[in-house]
Amino acid sequence: MAIQWSIILSAIVVLFLIALLSRSRRSSAPVLTSDWFFGYLTLFRMLTQYNDLLVEGYAKFNKHAFQLPGIRGWIVFVGRELYDDLRKAKDDTLSFSEEITDTISMEYTIGRAYATDLWHNAVIRKQMTQALGPKFPEVYDETVCAFEDELRLSRTEWNSVHAHGLILSVICRASNRLFVGLPLCRDPVYTQISRDFSGTVIAAGVTISLFPKLLKPLVGRWVTAAPRARRRFEKFLVPMIEERRRKEQEMGELWEKEKPSDLLQWLLDASKEHNPTAEDITTRILGINFGAMHTTALGFLHVLYWLAAHPEYAPVLREDVDHALANYGWTKEALGKMHKLDSFIKECMRFTGLTVTAMGRKAVKDVILSDGTFVPKGAKVVMNAWSIQHDPAVFYKPLEFDPWRYSSRIARGESEALNSLATASGEFFLWGGGAHVCPGRYFASQEMKTMLLVIVSRYDVKFEGLPKRVRPKDTWTSFSCLPDLKQRVMFKRRE
381 MAIQWSIILS AIVVLFLIAL LSRSRRSSAP VLTSDWFFGY LTLFRMLTQY
431 NDLLVEGYAK FNKHAFQLPG IRGWIVFVGR ELYDDLRKAK DDTLSFSEEI
481 TDTISMEYTI GRAYATDLWH NAVIRKQMTQ ALGPKFPEVY DETVCAFEDE
531 LRLSRTEWNS VHAHGLILSV ICRASNRLFV GLPLCRDPVY TQISRDFSGT
581 VIAAGVTISL FPKLLKPLVG RWVTAAPRAR RRFEKFLVPM IEERRRKEQE
631 MGELWEKEKP SDLLQWLLDA SKEHNPTAED ITTRILGINF GAMHTTALGF
681 LHVLYWLAAH PEYAPVLRED VDHALANYGW TKEALGKMHK LDSFIKECMR
731 FTGLTVTAMG RKAVKDVILS DGTFVPKGAK VVMNAWSIQH DPAVFYKPLE
781 FDPWRYSSRI ARGESEALNS LATASGEFFL WGGGAHVCPG RYFASQEMKT
831 MLLVIVSRYD VKFEGLPKRV RPKDTWTSFS CLPDLKQRVM FKRRE
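Just so you know, we're using our numbering here: the sequence shown kicks off at 381 and counts up by one.
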């Protein structure tokens, strides 16, 4: 879906005039910039140099809180000393849901029930996470099959593929093997709907968020792809849901032994107290598909690019894989013992990352943080994640890419759990933190590790048209660090 830039520009003009005619209440934190009009000229720099701005503020104010203007109000950036303030914050003070609503407008981009009643998150945290071990062979099998189907390699030749499209396809199939099972996870129409929809949510959400509250419903109906995607998804899922509910009624206790083991069924089992319609559950599967694909695909693209630029890392990763498999076989336990594989991905996320901030919260009333910083109602508070993850006081040589940074810590006797990819902490922010830490982080971690395991075990990779040790340039778009979405990567089957 193409978003007309005239819409976005018009909204920016409207918001600019609103800001000009009103005096926004500010935090007591110092303002980084002294530009005219409360620093709004800095917005232009924030579009392409946000990481540099945050590093400047981090250094200038000695890692303490400072603020910058945002399109929707003032943003307070905080350091590690205030990590617990955000981690422990309640939604009636510093609200995660209000921040997400402002950022991607989930009510319009996915659906009202999905945005306002998040009972599915409990299912992801409990039933889905508990099933990752037993279901690992299936997810691994789907990952292997998806790569084989997409790459179509002969025995000896290199094949050039569009990297982002490849990773999206693999993640979509592997995720839906767990979500809805075979054969639907391989249905080309179903998976295309999921991939297409996931690509529209952020753009539509940002567009809607630029408009005043009164206009959001109108703009939402215009720019979102959710209604059409839901209708198309319903053609696949509603009959499945109705059939499973019918079988449960007919089979009684026997259904407990016969029922499928997938996310769709876990949602059905957990939904009895909520009594959702089949259409509501379909919307939740659609939204969970977006959550599973968007961040994971972009994150793993960074991983693939580091590997393609540095093929010398592949033998070390293969040795790590072989050692774990020799001791634990093809199990989730083996994946957990692949410390270098895990470390490689985590370092990609630390060094390159996906966003400069984390754990965004919106103040729903005036708040005073533990260091005395005043945050007015309506302001946004975020962790200065980029600066912390590149701070020499936190990491040794943080401006160097060290693929074995975390596995070396484990080898020195440090905690496996604290240094694992799936762990959120005050120095690693991929998953957020606190009560709203990403509920699917264990599955996303397993998925990325499984993809890297399959690649290093079965293929050689390199860039098309780039010399060794050169990655395609990342693109900074406001808070986000995006890998090159057009880059092609060469694959060859290992002999």
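We treat Cβ as the ideally placed atom computed from N, Cα and C, and that holds for glycine.
Residue range 738-743 is occupied by the beta strand (DSSP E) that includes Ala-738. In this structure, Phe-476 lies away from His-690, with their beta-carbon atoms at least 7 angstroms apart. Shown here, Pro-568 sits in a helix according to DSSP, grouped into three states. Per DSSP, Asn-764 lies in no beta strand (DSSP E) segment and is marked neither H nor E.
Cα atoms of Tyr-488 and Trp-538: separation of roughly 43 angstroms, rounded to the nearest angstrom. Fully enclosed alpha helix (DSSP H) runs of no fewer than 4 residues occupy 785-791 and 821-838 of the segment 768-849, in order along the chain. With contact defined as three or more Cβ pairs closer than 8 angstroms, the segment 784-797 and the segment 719-732 are in contact. Each residue's CA atom was taken as its position, placing Arg-575 and Ile-551 some 9 angstroms apart. Cβ-Cβ separation between Arg-873 and Arg-838: approximately 7 angstroms, consistent with a contact (criterion under 8 angstroms). Annotated three-state conformation of Trp-686 is helix, per DSSP. Residue pairing from DSSP places Asn-539 in a beta bridge opposite Phe-871. Looking at His-444, Leu-462, Glu-436 and Pro-607, the one whose alpha-carbon comes closest to that of Gly-813 is Leu-462. Among the bridge pairs identified by DSSP, Gly-453 is matched with Gly-450. Per DSSP, Thr-489 is one residue of the alpha helix (DSSP H) stretching across 486-489. Leu-434 is not bridged by DSSP to any residue. Linking Val-603 to Leu-666 through their CA atoms gives a straight-line distance of about 17 angstroms. If you look at Trp-710, you'll find it isn't in any beta strand (DSSP E); DSSP assigns it neither H nor E.
In terms of Cβ geometry, Ala-495 and Arg-741 do not form a close pair [threshold 7 angstroms]. Residue pairing by DSSP places Leu-474 opposite Ala-743 in a beta bridge. Annotated three-state conformation of Val-411 is strand, per DSSP. Under the three-state reduction of DSSP output, Val-560 falls in the coil class, being neither helix nor strand. Asn-707 counts as exposed, since fewer than 16 other C-beta atoms from the protein chains shown sit within 10 angstroms of its C-beta. Distance check between Pro-756 and each of Leu-433, Ile-455 and Ile-451 places Ile-455 closest, using alpha-carbon atoms only.
Proximity to Arg-406 across Cys-728, Val-747, Pro-607 and Glu-622 peaks at Val-747, based on C-alpha coordinates. As a beta-bridge residue in DSSP terms, Thr-855 pairs with Leu-862. A distance below 6 angstroms between beta-carbons, with the five flanking residues on each side excluded, links Ala-704 to the following residues of its chain, in chain order: Ala-714, Lys-717 and Met-718.
By the C-beta density criterion, Arg-557 is buried, having at least 16 other C-beta atoms within 10 angstroms. In this structure Val-458 is in contact with Val-761, their Cβ atoms being roughly 6 angstroms apart against a cut-off of 8 angstroms. Of the residues Pro-772, Gln-507, Leu-684 and Cys-861, the one whose Cα lies closest to the Cα of Val-841 is Leu-684.
Secondary structure at Thr-523: helix, using DSSP grouped into helix, strand and coil. In the three-state reduction of the DSSP assignment, Phe-613 falls in the helix class. The distance from the Cβ of Val-701 to that of Val-836 is about 6 angstroms, consistent with a contact at the 8 angstroms cut-off. By the C-beta density criterion, Pro-863 is buried, having at least 16 other C-beta atoms within 10 angstroms.
Membership of Arg-467 in the alpha helix (DSSP H) is indicated by the continuous run 463-467. Note on geometry: alpha-carbon atoms of Val-744 and Gly-453 lie some 13 angstroms from one another.
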